[in-house]
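J.: For reference, the structure I am asking about is given below.
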Amino acid sequence: MSRKPHPRFDAALVRQALVDALKKLHPRHQLRNPVMFTVYVGSALTTLLFLQALSGAGEAPAGFILAVTLWLWFTVLFANFAEAMAEGRGKAQAESLRRTRTHARARRLQAPQRGAPQEAVPSDRLRSGDVVLVEAGEIIPGDGEVIEGIASVNESAITGESAPVVRESGGDRSAVTGGTTVLSDWLVVRITANPGESFLDRMIGLVEGAKRQKTPNEIALAILLASLTLIFLLVTATLLPYSRYAVEASGSGQVVPLTVLIALFVCLAPTTIGGLLSAIGIAGMDRMIQANVIATSGRAVEAAGDVDVLLLDKTGTITLGNRQATEFVPAPGVGTERLADAAQLASLADETPEGRSIVVLAKERYGLRGREIHELDAHFVPFTAQTSMSGVDLPGRQIRKGSVEAIERWLRAQGRGLAPLVRDAADAISRQGATPLIVAERGADGGEVLGVVRLKDIVKGGIRERFAELRRMGIRTVMITGDNALTAAAIAAEAGVDDFLAEARPEDKLALIRQLQQEGRLVAMTGDGTNDAPALAQADVAVAMNSGTQAAKEAGNMVDLDSNPTKLIEIVEIGKQLLMTRGALTTFSLANDVAKYFAIIPAAFAATYPALDALNVMALASPRSALMSAVIFNALVIVALIPLALRGVSYKPTGASQMLRTNLLIYGLGGLAVPFVGIKAIDLVLTGLGLV
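Per UniProt numbering, residue 1 is the first one in the sequence shown, and the count goes up by one each step.
In structure tokens:
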């Protein structure tokens, strides 16, 4: 579920942004943006020149200098307004989060167990390491890990999703967030965050933009823009002595006024992208928030746009995640009922969807009812990642169910092997995209394979088309699964992924990421468990599920509040949209500057070099009209592009070369053409109104 975005130009946001734009006129803030700081200084200089002109010693008419001064200040204010609008949307999101924060009484336990002595303390006095008890109807007082109990929790205050979720100890759904409510049962929670360091506190700080740091690409672009600005500054500064020399040498003409040179510099400097650069970055973070994803930095959002390999878990991401038993395939000489009975016995204590579906299938197909576990004198063997099997020990017999390889190892330990016909049946199931689960039994006379249970997981609708889009963008998709290679290959072919890693262990995921990074690729992945933490820490873009463990959330650089593994695809699209927006507006800005040369250069030096009037290809009315038109256009184009900076350019899955051609065609040629039209239109208006 995504958060409802605030209206882009809500009246309250606009009013606050106007106030903030004035506050940002402080020199300390302007220094953060070298391009706009030079405009700021130029505005101050023309203000002084205007005051000088009022005393009668001006280099140009006071009215002309005042008009230039006002529009230069508007240029600075419009850039401040763009940044304030982007920040205002984040502050509005943060304010709604603050309203969800609730300070409650907490029951702190003196020992990490439910029956331990307890004391009531305010939630803001809890420290990392404290253990609290939370029962039905109570608010979880702080971020933490469930160490005992299982309960239904309402996390709508954080995620916006009204459906409750289950949180329990000892698994990948053990993390809880302060401010959420326990709906049933009880939890013993170990607090993991000190006051002011909670997930909600960090979330508020990030969405406000208070902790937003410039990304490497943004810093590189800022350096480029600052270098271009310095070059234009040096060029403009040298024009004044050249102008004086030309007038003295020719004995005619007029020295170019300092006001005109300042206006020339502002128009030629990359002020458009310089004024919008910060707003683009903040708006990218805001779009991520709207998708219910918290990025720990703008660097992570930007890296998402550069990703070229996606590692995706099969279960829950590519498939629906709940494999269901659909068929019992007995081994030669074994009755189907016997196989169903053994499979059901081995699954009675199995609370996974697969285990429950085996019990249900045996009950529905063969009338096998569930049995009382304590009457069986049974010892159940839980599933582990190391053994890849589970089962039950009964008096005189042992039953195991698991992967083909796991059961084969178990049989080999008893001096037995897997019958070729059973292996063939398992391979056939795997080739069909299902998962074979082998059921074997060991009695007094040794081990015996009873047959295969077919588990079927459904590939999500539309996922193949999404992967095709990613492929067009030049992104390679890799499916990660614990299934055997045959099953993985069948599902990979059905889903349309580019590659897969079968029988994946945590160390295999880490090794794959390192290998891809050594090849120069940027890798993104999702995870929710402690065993995912090493791979998340290694990945360039690591999205941890909010429902996952604290270790996973600390290892990742993004947290998905919805705990939806497919969100990774949307995150990549948002990152690419950020980069596309920045690239498009940079292209437009630089092309704008080229076009403005033809307007302002002839106007600035026509009095000194009359021959330059031949370059007046726009047929502008007069030098002053041309200069004013260029200055006004330079300010208004920032205003016109604010919606695009906040919204982002339209995202379409495409390759890098196609994207470059599109940018050059639309924003490059558009950036060249728009100034000719805009400046000429403003010139006509100024002339028609008799203002110049």
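Glycine is no exception: its CB is placed at the ideal position from the N, C-alpha and C atoms. Since the structure is predicted, the reported quantities are computational estimates derived from the model, not experimental observations.
E248: buried (16+ other C-beta within 10 angstroms of its C-beta) or exposed?
T.: Classification for E248: exposed.
J.: Who pairs with N33 in a beta bridge, going by DSSP?
T.: Note: N33 sits in no beta bridge, so no partner.
J.: Taking 7 Å as the limit between beta carbons, can you name the residues of its chain near R431, skipping five residues before and five after?
T.: Excluding residues within five positions, the ones whose Cβ falls inside 7 Å are L486, A490.
J.: Considering Cα atoms alone, identify which of Q344, A120, A175, N484 is closest to G149.
T.: With distances taken between Cα atoms, G149 lies closest to A175.
J.: Please classify D499: does DSSP put it in a helix, a strand, or coil?
T.: DSSP places D499 in strand when its eight states are reduced to three.
J.: Excluding the 5 residues preceding and the 5 following F64 in the sequence, name in chain order all residues of the same chain whose CB lies nearer than 7 Å to its CB.
T.: These residues qualify, in order along the chain: R624.
J.: Going by other Cβ atoms of all chains shown within 10 Å of its Cβ, with 16 needed for buried, is Y242 buried or exposed?
T.: Per the 10 Å Cβ criterion, exposed.
J.: Apart from the five residues just before and just after L228, which ones in its own chain have a Cβ nearer than 6 Å to its Cβ?
T.: If we look at L228 and ignore the five residues flanking it on each side, its Cβ neighbours are P270.
J.: Starting from E465, follow the beta strand (DSSP E) in both directions and report where the run begins and ends.
T.: Counting along the chain, E465 falls outside any beta strand (DSSP E), though it belongs to the alpha helix (DSSP H) covering 463 to 472.
J.: Reducing DSSP to helix, strand and coil, say where A210 ends up.
T.: Bear in mind that a pLDDT of 42 at A210, under 50, signals an unreliable position, so the number given afterwards is only what the model happens to contain. In the structure shown, A210 sits in coil (DSSP, three-state: anything other than H, G, I, E or B).
J.: Over what stretch of residues does the alpha helix (DSSP H) that includes F265 continue unbroken?
T.: Here the alpha helix (DSSP H) through F265 covers 258 to 268.
J.: To which residues of the same chain is L516 closer than 6 Å at the C-beta, ignoring the five residues directly before and after it?
T.: Same-chain partners within the cutoff: V309, V523.
J.: How many Å lie between R190 and V134 at the Cα?
T.: About 11 Å.
J.: So which of E155, V255, Y651, P610 has the shortest CA-CA distance to R582?
T.: Ranking E155, V255, Y651, P610 by Cα distance to R582 puts Y651 first.
J.: Rounded to whole angstroms, what is the Cα-Cα separation between A630 and M580?
T.: Going from the Cα of A630 to the Cα of M580 covers about 27 Å.
J.: Tell me where the alpha helix (DSSP H) around I429 begins and ends.
T.: Its alpha helix (DSSP H) spans residues 420 to 431.
J.: Leaving out the 5 sequence neighbours to the left and right, which residues in its chain are closer than 6 Å to A84 when beta-carbon positions are compared?
T.: Correct list, in chain order: A17, D20, A21.
J.: For E441, which three-state DSSP category applies?
T.: Reduced to three states, the DSSP call for E441 is strand.
J.: Quick one: grab the DSSP three-state call for E148.
T.: Strand, per DSSP.
J.: Opposite L455 in the DSSP bridges: which residues?
T.: BP columns for L455 point to A325, T435.
J.: Have a look at V439 and T317 and give me their C-alpha separation to the nearest angstrom.
T.: Answer to the nearest angstrom: the Cα atoms are 28 Å apart.
J.: Roughly how far, in whole angstroms, is the beta-carbon of Q344 from the beta-carbon of L376, given that I think they are within contact range, below 8 Å?
T.: At roughly 12 Å, the Cβ-Cβ gap does not stay under 8 Å, so Q344 and L376 are not in contact.
J.: Using the DSSP secondary-structure output, state which residues sit across from F380 in a beta bridge.
T.: Beta-bridge pairing links F380 to V392.
J.: Given this structure, state the Cα-to-Cα distance separating K211 from P141, to the nearest angstrom.
T.: The predicted model places K211 with a pLDDT of 47, which falls under 50 and marks its position as unreliable; any figure quoted below should be read in that light. Near 25 Å, if we compare the C-alpha coordinates of P141 and K211.
J.: What are the start and end residues of the beta strand (DSSP E) that includes G402?
T.: Start and end: 397 to 402.
J.: Leaving out five residues on either side along the sequence, give the residues of the same chain with a beta carbon under 6 Å from the beta carbon of I569.
T.: Correct list, in chain order: R466.
J.: What are the uninterrupted segments assigned as beta strand (DSSP E) that are 3 or more residues long and contained completely in the region 271 to 320, given in chain order?
T.: DSSP runs (the beta strand (DSSP E)) wholly in the region 271 to 320: 293 to 295, 309 to 313.
J.: Please state the DSSP three-state secondary structure of N484.
T.: Residue state, collapsed to three classes: coil.
J.: What does DSSP give as the partner residues of I139 in its beta bridges?
T.: In the DSSP output, where bridge partners are listed per residue, I139 has T181.
J.: At what residues does the alpha helix (DSSP H) containing L636 begin and finish?
T.: 623 to 647 is the extent of the alpha helix (DSSP H) around L636.
J.: Since G355 is in the beta strand (DSSP E), which residue starts that stretch and which ends it?
T.: Where G355 is concerned, there is no enclosing beta strand (DSSP E), although the alpha helix (DSSP H) it sits in stretches over 353 to 366.
J.: With respect to the alpha helix (DSSP H) encompassing T526, which residues constitute its N-terminal and C-terminal limits?
T.: No alpha helix (DSSP H) holds T526; the beta strand (DSSP E) holding it covers 523 to 527.
J.: Helix or strand or just coil, what does DSSP make of N154?
T.: N154: strand per DSSP, three-state reduction.
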